[in-house]
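Worksheet: one structure, shown below.
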Amino acid sequence: MFNLGKRIQECTASSLLAALGQGGRNLSELDVCLTSDNVAIVSHDLNTWRVSEKLGDKLFNEIHSSKIKDVPVIIREVSNGIIQDKYLETIDHIPLLTEIFSKVFLANPDATIFLDGRNYDAHVIVAWLSHRPEYHQRVVVLFYTFEYPHGGAFVDAVLNAQPASAWRKSISLMPALFPEELCRLARLRQVTEPTVDDLYLAGKAWFDSMLMQDMRIVAAHVVFSGVTRNLLGQVVDKDVLLAFDSDQAAVRLAYYLKEDTMIRAKRPHLKFAAVTRCYDFAALLDSGERGEFSIDIKTGRARRHETDERKHIRWRKGTPGNSATIADWVISDRPEDEMAIWEWRNQGIDREVSHLSPHLDLNIETSK
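Residue numbering for the sequence shown follows the UniProt record's numbering, starting at 1 and increasing by one per position.
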């Protein structure tokens with residue numbers, strides 16, 4: 001955002017070099033989209049509106065890569081919880097993935113990029129990377145449950161994208177699961193009203209189907225918060241209860257992937273990854289109420305978070321140090337806070353910290 005990011009938009013050369021170049025970091029997550037001609041470009045949103053004025057309001061997969069060359073990146077202003085038409089043009093342009101890789105690895109040869117394969121792009125990206133050995137051992141590809149219902153489906157999709165013959169050994173992979181997906185996976189197993197056990201078993205079956213494949217899986221990623229039912233009120237909405245049950249199942253999945261003896265025996269170096277993520281910005285609204293918002297990646301517009309008991313799930317997910325109690329790796333929106341918490345813990349001091357991010361909060365003066 002214009003008021004938050006020192007006029008640097010995410011997923012740009014400036015932001016990546018700030019972290020991996022002069023920032024001295026070696027690890028970063030990066031979002032990627034495919035154009036209509038299957039060229040990988042770097043963008044958090046699947047839609048053009050929030051990051052570009054010249055491309056209109058379209059999905060990147062509807063646009064040919066030739067139309068994206070040298071298009072300036074913009075940062076839209078935020079007011080009263082709404083991302084506005086008003087914007088600032090930055091010094092960056094929408095980059096091709098190859099351009100970002102070249103700049104990042106030149107600035108920091110030790111960098112590792114966790115490349116988010118989005119909804120159904122990961123198999124194309126895996127095949128593309130497999131033909132480019134200069135990126136091997138430098139990139140980990142994340143992929144999700146959305147369009148890959150089991151391990152065999154993912155392998156078939158990669159094979160249909162014509163990878164190099166050695167892709168199973170050369171490309172590092174990290175299957176990832178959101179707790180919100182567990183209900184859908186359970187229903188694919190003909191379970192219409194899933195319990196916590198059903199949700200856990202559905203997630204376990206998905207990960208097992210991935211881990212049994214002959215692929216270089218370096219980590220498994222589960223999003224979780226670790227909430228308990230004592231946070232629920234006396235009258236509980238069905239969707240809220242399902243969200244709490246799904247989070248409980250996700251925690252069980254995390255421990256399964258972390259501690260199962262058969263997994264450890266077959267894949268002794270497998271890492272477990274989690275996330276610290278709560279809101280993209282918060283704003284004091286004209287009504288006087290504080291609202292927390294994320295960004296809809298399909299539209300680029302602000303989306304206000306729910307205010308029922310599910311807020312506790314978001315708040316725990318956004319609290320530095322929470323998921324790190326289990327995880328080997330944490331993809332965090334607050335890495336400085338994350339590291340500070342663990343430095344305190346290493347000294348035997350358990351500091352209290354909340355999900356609130358002052359640098360992401362807009363007040364009336366700064367949000368207009």
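Glycine included, every Cβ here is placed at the ideal spot set by N, Cα and C.
On the CB-based measure, 16 or more other CB atoms within 10 Å of its CB, does residue i come out buried or exposed?
| i | result |
| --- | --- |
| residue 35 | buried |
| residue 235 | exposed |
| residue 132 | exposed |
| residue 101 | buried |
| residue 352 | exposed |
| residue 146 | exposed |
| residue 276 | buried |
For the alpha helix (DSSP H) that residue i lies in, which residues bound it at each end?
| i | result |
| --- | --- |
| residue 198 | 196 to 211 |
| residue 105 | 97 to 107 |
| residue 221 | No alpha helix (DSSP H) contains residue 221, which is instead part of the beta strand (DSSP E) from 219 to 222. |
| residue 312 | 311 to 317 |
Keeping to the same chain, check which residues put their C-beta closer than 7 Å to that of residue i; ignore five residues upstream and five downstream.
| i | result |
| --- | --- |
| residue 271 | 218, 219, 328 and 329 |
| residue 1 | Since pLDDT at residue 1 reaches only 42, below the 50 mark, its modelled position is unreliable, and the value read off the structure follows with that caveat. These residues qualify, in order along the chain: 75, 78 and 281. |
| residue 199 | 182, 183, 186, 245, 246 and 249 |
| residue 43 | 11, 31, 33, 51, 60 and 94 |
| residue 105 | 111 and 138 |
Looking only at its chain, what residues have a beta carbon closer than 6 Å to the beta carbon of residue i, apart from the 5 residues adjacent to it on each side?
| i | result |
| --- | --- |
| residue 12 | 73 and 92 |
| residue 213 | 151 and 155 |
| residue 297 | 45 and 46 |
| residue 157 | 123 |
What is the residue span of the beta strand (DSSP E) that residue i lies within?
| i | result |
| --- | --- |
| residue 175 | 172 to 177 |
| residue 261 | No beta strand (DSSP E) holds residue 261; the alpha helix (DSSP H) holding it covers 261 to 266. |
| residue 14 | Segment 13 to 20 is the alpha helix (DSSP H) holding residue 14; no beta strand (DSSP E) there. |
| residue 34 | 27 to 34 |
| residue 341 | Not the beta strand (DSSP E): residue 341 falls in the alpha helix (DSSP H), residues 335 to 346. |
| residue 93 | 82 to 93 |
Rounded to a whole number of angstroms, what is the C-alpha to C-alpha distance between residue i and residue j?
| i | j | result |
| --- | --- | --- |
| residue 343 | residue 302 | 34 Å |
| residue 7 | residue 215 | 40 Å |
| residue 310 | residue 295 | 18 Å |
| residue 261 | residue 255 | 11 Å |
| residue 258 | residue 116 | 22 Å |
| residue 335 | residue 194 | 35 Å |
| residue 168 | residue 39 | 22 Å |
| residue 269 | residue 170 | 16 Å |
| residue 364 | residue 17 | Annotation note: pLDDT 45 at residue 364 (below 50); position unreliable, coordinate value reported separately. When rounded, the distance between both Cα atoms is 32 Å. |
| residue 299 | residue 107 | 33 Å |
Which residues in the same chain as residue i place their Cβ atom closer than 8 Å to its Cβ, once the five residues preceding and following it in sequence are excluded?
| i | result |
| --- | --- |
| residue 166 | 130 |
| residue 350 | 344 |
Below 8 Å, can you find three or more Cβ-Cβ pairs linking the segment 59 to 73 to the segment 140 to 155?
-> no
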